[in-house]
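In what follows, a structure is listed as structure tokens, so that the remarks can point back to it.
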Amino acid sequence: MPLRRIADAPTMRAMAHPVRLALLEALGRREPLTATEAAEIVGESPSACSFHLRMLAKYGLVEDAGGASGRRRPWRRKSPSGFIFPAVDDDPQTSLAAGALSDLVWGRFLDRARAVLASRPRFSAEWQAITSAAETVAYVTPAEAEQFKAEMWELIGRYTGRLEDPSRRPPGSLPLEILLVTYPLDAVTRKG
């Protein structure tokens, strides 16, 4: 399933909340989840999680997973593979919302990566072998950069179906977070 494109300011503003992002991440790893189950994972109260799940549902990001009984209401993500959103837009409100969401999302990703890599020496040998960080520079044309990204997503796509369908996960599999960041290196020193 392809990544869902989020391009409207109200949905991006709804997502740009730490608890809501944590809930989307939790549902991406294990679903369905009730508000009580999600609360245990994200460290919030069940009532707060219930509120935030309803907000995510209002914007079409999660949905009722069925099988509700009494007050127990399971939820799942509407787009199991994840989402993308624009960096900028012609509409200033959409650009502002995209910037806020980007700051929160990338802050979470990079903080998590920093913490994991700092604790890597305490991992088992097996976990150390599959945990990596690398940096390199490649001189490419814009067309080659697009081709590179397409090929990387094709490779990653071989495994994303396992997010949607846990029965496709081989025994012993574990979730491996993959951060792919590409940018012109000159942009680091460029102003404006």
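Take the sequence shown: its position 14, counting from 1, is numbered 477 in the numbering used here, and each next residue is one higher. Backbone N, C-alpha and C define an ideal beta-carbon position, used for all residues, glycine too.
Reduced DSSP secondary structure (H/G/I, E/B, other) of residue i
i	result
Asp554	coil
Arg535	strand
Arg625	helix
Ile469	coil
Leu618	helix
Ile641	coil
Phe546	strand
Arg632	coil
Phe656	For residue 656 there is no data in the structure shown, the boundaries of the chain being 464 and 655.
Gly530	coil
Residue span of the alpha helix (DSSP H) that contains residue i, given as start and end
i	result
Arg492	481-492
Arg540	Arg540 -> not in any alpha helix (DSSP H); beta strand (DSSP E) instead, spanning 538-540.
Thr474	472-478
Pro509	509-521
Thr499	498-505
Ala592	588-593
Segment limits, beta strand (DSSP E) that includes residue i
i	result
Val525	525-527
Close Cβ partners of residue i (< 8 Å) along its chain, the five nearest in sequence each way excluded
i	result
Leu516	Leu486, Ala498, Ala501, Val525, Trp538
Arg625	Arg631, Arg632, Ser636
Ala528	Glu494, Pro495, Pro537, Trp538, Arg539
Gly491	Arg540, Pro543, Gly545, Leu626
Pro638	Arg492
7 Å CB neighbourhood of residue i in its chain, flanking five on each side removed
i	result
Thr604	none
Leu648	Val600
Cys512	Leu486, Ala498, Ala501, Ala502, Val505
Residue i beta carbon near the ligand HEM (any heavy atom closer than 7 Å)
i	result
Ala479	By its list of ligands, the structure shown contains no ligand whatsoever, and the ligand HEM lies outside what it can speak to.
Beta-carbon proximity list for residue i, same chain, < 6 Å, skipping 5 on both sides
i	result
Asp566	none
Gly456	The structure shown does not extend to residue 456, since the chain spans only 464 to 655, so no value can be given for it.
Tyr646	none
CB-CB length for residue i against residue j, believed under 8 Å
i	j	result
Leu466	Phe586	With a Cβ gap of about 29 Å, Leu466 and Phe586 do not count as contacting.
Ile619	Ile593	About 15 Å; that fails the 8 Å criterion.
Evaluate the contact criterion for the region 552-560 versus the region 466-481: three or more CB pairs, one atom per stretch, below 8 Å. With a cut-off of 8 Å, the region 466-481 and the region 552-560 count as touching, because enough Cβ pairs lie within range.
So, does the region 530-548 touch the region 481-495, judging by three or more C-beta pairs under 8 Å? Output reads yes: the region 481-495 touches the region 530-548.
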